[in-house]
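Asker:
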Amino acid sequence: MAAFKTLDDIGNISGKRVLVRVDLNVPVSDGKVTDATRIERIAPTIAELSAKGAKVILLAHFGRPKDGPSPEFSLEPIARAAADVLGRPVGFASDCVGDVAGSAIAAMNKG
1319 MAAFKTLDDI GNISGKRVLV RVDLNVPVSD GKVTDATRIE RIAPTIAELS AKGAKVILLA
1379 HFGRPKDGPS PEFSLEPIAR AAADVLGRPV GFASDCVGDV AGSAIAAMNK G
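Shown next as structure tokens:
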């Protein structure tokens, strides 16, 4: 059985886009994250990728909306909490495909 690859196994990623699928189903009350444990757990990976110059794109969902997008399931409050945990700005795109996502990614700086 093959061993899991780690970030040490990846070559030069400076300036490259790195998509990281994360589980950010965290408790939110009144638009504020009440337990940032899951965000804290992904912080070392994000920090290492950023230190290597990657453009880190987090892919996540929040909750289980039944009839399409719903403001109560927005990841925007979680992006704000991630910025607090990481101690750096975290951008937010209101959609994961199309021009909105493409523009947000194009505007990213490396690291």
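Convert by adding 1318 to the 1-based position in the sequence shown; the result is the number in the numbering used here. Where a beta carbon is used, it is the ideal one built from N, C-alpha and C, also for glycine.
#1: Between the C-alpha atoms of PHE1410 and THR1355, what's the straight-line distance to the nearest angstrom?
#2: Count the CB pairs spanning the segment 1324 to 1343 and the segment 1367 to 1375 that are closer than 8 Å, and state whether there are at least three.
#3: From ALA1399 to ILE1357, what does the alpha carbon distance come to, in whole angstroms?
#4: Just mark VAL1415 as buried or exposed, buried being the case when its beta carbon has 16 or more other beta carbons within 10 Å.
#5: Taking Cβ positions, are ALA1361 and LEU1393 nearer each other than 8 Å?
#6: Once DSSP output is grouped into helix, strand and coil, what is the label at ARG1359?
#7: Assign ILE1328 to buried or exposed, taking buried as 16 or more other Cβ atoms, counted over all protein chains shown, within 10 Å of its Cβ.
#8: Checking contacts by CB at 8 Å: is ASP1341 closer than that to chain D?
Answerer: Working from what's here:
#1: So the alpha carbons of these two residues sit roughly 20 Å apart.
#2: yes
#3: 8 Å
#4: exposed
#5: In this structure, LEU1393 does not lie closer than 8 Å to ALA1361 by Cβ.
#6: helix
#7: Exposed, by the Cβ-count rule.
#8: Among the protein chains of the structure shown there is no chain D, as only one such chain exists.
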